[in-house]
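Notes to accompany the following structure.
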Amino acid sequence: MAVTLRDVTKWFGTVRALDGVTLDVGKGEILGLLGPNGSGKSTLLKVIARLIPPDDGSVVRPPAGRATMHGTGMLFDHTAHWEALTGYENAWFFARSYGMDPEAAHDRLKGLFEAFGLRERLGDPVSGYSYGMRRKLGIIEALAHDPSLILLDEPSIGLDYRARITLAGLLRDAARQGATVIFSTNDVSEAADLADRVALFDRGRLLVSGEPSALIRSLGAVVMIELRLKAPIDTRPLEEIPGVEGIGAEERGEGFSITVAATPDGLGPSSLLARVVHAVAAQGGEVVGADLRAPGLPDVFLAYTGGESGAS
Numbered sequence: 003m004a005v006t007l008r009d010v011t012k013w014f015g016t017v018r019a020l021d022g023v024t025l026d027v028g029k030g031e032i033l034g035l036l037g038p039n040g041s042g043k044s045t046l047l048k049v050i051a052r053l054i055p056p057d058d059g060s061v062v063r064p065p066a067g068r069a070t071m072h073g074t075g076m077l078f079d080h081t082a083h084w085e086a087l088t089g090y091e092n093a094w095f096f097a098r099s100y101g102m103d104p105e106a107a108h109d110r111l112k113g114l115f116e117a118f119g120l121r122e123r124l125g126d127p128v129s130g131y132s133y134g135m136r137r138k139l140g141i142i143e144a145l146a147h148d149p150s151l152i153l154l155d156e157p158s159i160g161l162d163y164r165a166r167i168t169l170a171g172l173l174r175d176a177a178r179q180g181a182t183v184i185f186s187t188n189d190v191s192e193a194a195d196l197a198d199r200v201a202l203f204d205r206g207r208l209l210v211s212g213e214p215s216a217l218i219r220s221l222g223a224v225v226m227i228e229l230r231l232k233a234p235i236d237t238r239p240l241e242e243i244p245g246v247e248g249i250g251a252e253e254r255g256e257g258f259s260i261t262v263a264a265t266p267d268g269l270g271p272s273s274l275l276a277r278v279v280h281a282v283a284a285q286g287g288e289v290v291g292a293d294l295r296a297p298g299l300p301d302v303f304l305a306y307t308g309g310e311s312g313a314s
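Our numbering puts the first residue of the sequence shown at 3, with every later residue one more than the last.
Okay, structure coming up:
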C-alpha cells in the first residue's frame, strides 16, 4: 500500500476533526474523499501530507524523510506565491526545489502551462493573475515534478470546464504510471467520474469506502423506467425480466405509457433498459420515448450523510 492509516484521530480544541480513521490507499489508485463541509477531508489530507501530526493513530507512507517531500505533490486552499515573480518563476522554484533537472523542469513546465492555457501568461507577475489562474498555477506546481503521491484539496474549485478536463486527464495519466492520487471534493459528480474508489466522511468519521458502482449497488435502490408507446401492449411478459418488481401502464392522449420499477441485481441500468425495450418490441410495441432514473453516487451521499456535519 502507498498510504496506510490506522485509527487516526485529530483534535482541534474540543472538536474531534478525525475520529479513528482507518484506510488503505494503493499505488496507482485515485481515491476521492467525499463528504459535507467540515467532515474532516482537508484535515485528513494535511495529516497524510505530514503538515500536521495526528493526536492518535499512525500514518505510514514510504519513503520517509526528505525523499517523502520530493515525491509528494500538494495543493491546498491557500497556495502561496511570490506576487512579484512571474508564474513561470514561481513554478520553476518549486520544480527545482523538488530536485528536478533544469532541462527536465523547463520541458515539464512548458507542457503544463500550455495544457492549462497559461502559456501566454507564464511571463506575467502573479500579482496580475485571477483566482482561477492562481489555482491553475498551484496545480502546475503540485504536478511539475511527477510526484508519486498527489494530494489535492478540492482541486477543481475556480477552474473552468476545460481546465477541469485537463486536470482529470493528467491525474489519470499519473495514476496509470503508478502515482497514488488522493483528492477531496464536495462535488459528487466529480468523485463519481474521476475516483477509482470513494471514501465518504461525516463528522470526522469514515462512514464507508468502495468503488462508486459498488456503493450504488449496496443501496439496493430501484431503477425507474418509463416508456412511451404509440399503442397499448400486453405488459405481462415484462414481469419475467429478472429484477422487475412492478409495472404500471396507462393511456396518455393518443399514446400509451409503461412504468417499470426494477432492481438491477448485477445488471447495469442501461442493460436493464435494453431488456425492457426488447421485451416491448417483442410484443409489437413501438417505443417513441424513454426515461431512465437510476440510483447514483448522490443517493449514496444522502443515504449516509442525511444530517448536518458538525466537524471542522
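For each residue, glycine too, the CB sits at the ideal point set by N, CA and C.
Coil, strand or helix - residue i by DSSP
i, result
"K232", "coil"
"W94", "helix"
"P297", "coil"
"I227", "strand"
"D175", "helix"
"T45", "helix"
"K29", "coil"
"S272", "helix"
"P214", "helix"
"M102", "coil"
"L145", "helix"
"M135", "helix"
"P127", "strand"
"R238", "helix"
"R277", "helix"
"I50", "helix"
"I159", "coil"
"I243", "coil"
"E253", "strand"
"L209", "strand"
"G308", "coil"
"L77", "strand"
"R219", "helix"
"F118", "coil"
6 Å Cβ shell around residue i - same chain, five flanking residues per side excluded
i, result
"K48", "I54"
"H72", "Y100, G101"
"L124", "G89, Y90, F115"
"G250", "T261"
"S381", "There is simply no residue 381 to check, as the chain begins at 3 and stops at 314 in what is shown."
"D198", "E31, I32"
"S311", "Because S311 carries a pLDDT of 41, less than 50, the predicted location of this residue cannot be relied on, and the following value inherits that uncertainty. Hits under 6 Å: P38, G40, S41, D204, R205."
"A170", "L196"
"G309", "Summary for G309: the model assigns pLDDT 47, below 50, so the residue's position carries little reliability; its value from the coordinates is reported in the next sentence. There are no such residues."
"E213", "R199"
Candidates the options: closest to residue i by CA position
i, options, result
"F185", "Q179, I152, S215", "I152"
"T182", "L20, D148, A193, R166", "D148"
"L144", "D21, S215, K43, R110", "As written in the sequence, residue 144 is Ala, which differs from the Leu given in the question. Ranking D21, S215, K43, R110 by Cα distance to A144 puts R110 first."
"G222", "V246, F203, T237", "V246"
"L35", "R295, L209, I249", "L209"
"R178", "R8, K29, G75", "K29"
"L274", "R295, G257, E288", "R295"
"D126", "P104, L87, A106, R98", "L87"
"R63", "S158, R8, K112", "R8"
"G180", "R166, S150, G171, T74", "S150"
"R18", "G255, P271, R205", "R205"
"S60", "L173, G291, V10", "V10"
"G130", "T16, A292, E85, E213", "E85"
Cutoff 8 Å: residue i Cβ touching any chain D Cβ
i, result
"V5", "Within the model displayed, chain D is absent; a lone protein chain is all it includes."
Other residues of its chain near residue i: CB distance less than 7 Å, five sequence neighbours each side excluded
i, result
"D79", "D155"
"H83", "N92, V128, R136, L139"
"Q285", "I235, D236, P239"
"R207", "D21"
"T168", "A117, F118"
"V23", "L7, V10, L46, L208"
"A43", "Before going on, a small fix: residue 43 reads as Lys here, not Ala. Once the five neighbours on either side are set aside, the close Cβ partners of K43 are L35, G37, S186, F203."
8 Å CB neighbourhood of residue i in its chain, flanking five on each side removed
i, result
"V224", "E247, A263, A264, T265, P297"
"E288", "L231, K232, A233"
"T81", "R136, R137, L139, G140, E143"
"L120", "G89, M135, K138, L139, I142"
"R174", "I32, L196"
Beta-carbon gap between residue i and residue j smaller than 8 Å
i, j, result
"Y133", "G160", "yes"
"L304", "A193", "no"
"L202", "Y306", "yes"
"A107", "M76", "no"
"A97", "A146", "yes"
"D57", "K112", "no"
"D26", "T6", "yes"
"V200", "S215", "no"
"V302", "I218", "yes"
"G257", "V290", "yes"
"R164", "S158", "no"
request  = Mind the definition here: the segment 34–43 touches the segment 188–203 only if three or more C-beta pairs lie below 8 Å; say whether that holds.
outcome  = A contact exists between the segment 34–43 and the segment 188–203.
message = With three or more C-beta pairs closer than 8 Å as the rule, is the segment 271–285 touching the segment 214–229?
response = Judged by Cβ distances under 8 Å, the segment 214–229 makes contact with the segment 271–285, as three or more pairs qualify.
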